[in-house]
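Below is one structure; the comments refer to it alone.
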Amino acid sequence: MTDLRVAGTPPRLEWRVATVAGVHNETRRARTLVLEIPQWPGHRAGQHVDVRLVADDGYQAQRSYSIASPPERSAVELTVERLDDGEVSPYLCDVLGVGDGVEVRGPIGGYFVWDVAQGGPLLLVAGGSGIVPLMAMIRHYTTTPDEQRARIPVRLLYSARTLDDVIYRGELEELSRTGVKVAFALTRDAPAGWSGYRRRIDRAMLEEIGWPPSEAPRVFVCGPTPLVENVANVLVQIGHEPMRIRTERFGPTG
Amino acid sequence: MQTEEMRLDGNAAGGMLRDVFALEVTTALARCAGCGSVAAMGALLEYGQAMGVVLRCPTCDTAVMRMARTPGWIRVDASGISLLMIPDGASQATHDQ
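If you're matching them up, the sequences are chains A and B in order. So in the working numbering, spot 63 of the first sequence is number 96, and the numbers just go up one at a time. So in the working numbering, spot 79 of the second sequence is number 86, and the numbers just go up one at a time.
Shown next, in the form of structure tokens:
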């Protein structure tokens, strides 16, 4: 194909071979891959990468995965949820190991992005593995100086099937020390004595955890499409400005 | 598989948009040729398939942009965008309301 690039224009997004430097199992179905990517230009919290797998016969499968690590960390961490009938996620979760290579390109996206310079209050709403890009924002937030954080209150409402399905659970439970308020909504099963929410995210929950529209919070919602659309619609009904609500829908292909 | 579950954000097409545009355009504003409403490219509705993607207007569902990868060519039909406003400046700052 003819190279139509003009001198001085930004280069195309190139595919690079990343090396797996570490793997951590987060839950029964989610695994974090720590990637070392040559010439990685850095990223912003909320961005994603494309991952490409190429079979011996040339067949390619490509998926997008959010970056879980904050810009302050040099390695790029992806947390991948295994979808049993998926083409890519079972390979990333079950087969890929330390030292293996995998093709990635990125960082991608400037829309679903937050940094402390944008300010707050910041309301984050996650469903399932939708926590991943929001975790990059939280981790970015927790690396900023205390006095800067004090001006930006952050609240997270995270819906998962069971407590065991909560990704980054230990880290999230520790967050109250940093001023991030975390609330879990368990939709399928809860441990005995559970004092948190025991239902799907609804209007009452968003009003209890979120700020009123008069506080003009920035809102980022990420998760399965039906959850994201329901939450975004309810937030608009409550009176939040649609332009302050940014969504990232996760599709059913893995 | 339900169509609703297949619906993503334009942001999800960021990789292919970077194949087409030299810039990061998910923060660019697109005016729909169907209804005139303006949305960030990243806030359009994305319907992806193996060959490419369709981006639809969140207000009226018009297909504002179609991108397909065919042998040797990336084909782009952007006839549903009547105006595209791309943030200018080296900082690539997001448009803040």
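We put the CB at the ideal spot given by N, CA and C, even for glycine.
If you follow the beta strand (DSSP E) that N266(A) is in, where does it begin and where does it stop? From DSSP, N266(A) is part of no beta strand (DSSP E) but of the alpha helix (DSSP H) over T258 to I271.
Given this structure, state the Cα-to-Cα distance separating V32(B) from D118(A), to the nearest angstrom. 32 Å
Could you tell me the alpha carbon to alpha carbon distance between V254(A) and R236(A), rounded to whole angstroms? 14 Å
My output table needs one value for S44(B): the three-state DSSP class, helix, strand or coil. coil
Beta-carbon separation of S97(A) and G22(B) under 8 Å? yes
Quick check on V252(A): buried or exposed, where buried means 16 or more other Cβ atoms within 10 Å of its Cβ? By the neighbour-count rule (16 or more Cβ atoms within 10 Å), V252(A) is buried.
Ordered along the chain, which non-local residues of its own chain (more than five positions away) have a Cβ less than 6 Å from that of V45(B)? L36 and R38
Interface residues of chain A facing T33(B) [CB-CB closer than 7 Å]: G142, G143 and Y144
May I ask which residues mark the beginning and end of the beta strand (DSSP E) holding T139(A)? The question names Thr, but residue 139(A) is Gly in the sequence shown. Looking at the DSSP string, the run of the beta strand (DSSP E) that includes G139(A) is G134 to I141.
I want to see whether chain A comes within less than 8 Å of T101(B), judged by CB atoms only; does it? The pLDDT assigned to T101(B) is 48, lower than 50, so where the model puts this residue is not dependable; a value taken from the coordinates is nonetheless given after this. It does: the Cβ of T101(B) has a partner Cβ on chain A nearer than 8 Å.
Neighbour-count burial assignment, R221(A), 16 or more Cβ in a 10 Å radius: exposed
Please state if the CB of G55(B) and the CB of A19(B) are separated by a distance shorter than 8 Å. Yes, these two residues count as a Cβ contact at 8 Å.
Helix, strand or coil, according to DSSP, for I278(A) in the structure here? strand
Closest Cα partner of T34(B) within the set M58(B), I88(B), R76(B) and G49(B): Selected option, being the one with the closest Cα: G49(B).
Report the three-state DSSP secondary structure of R202(A) (helix, strand or coil). Three-state DSSP puts R202(A) in a helix.
Between the alpha carbons of Y99(A) and H173(A), how many angstroms are there, rounded? Reading off the sequence shown, one finds Ser at residue 99(A), where the question assumed Tyr. For S99(A) and H173(A), the distance between alpha carbons rounds to 14 Å.
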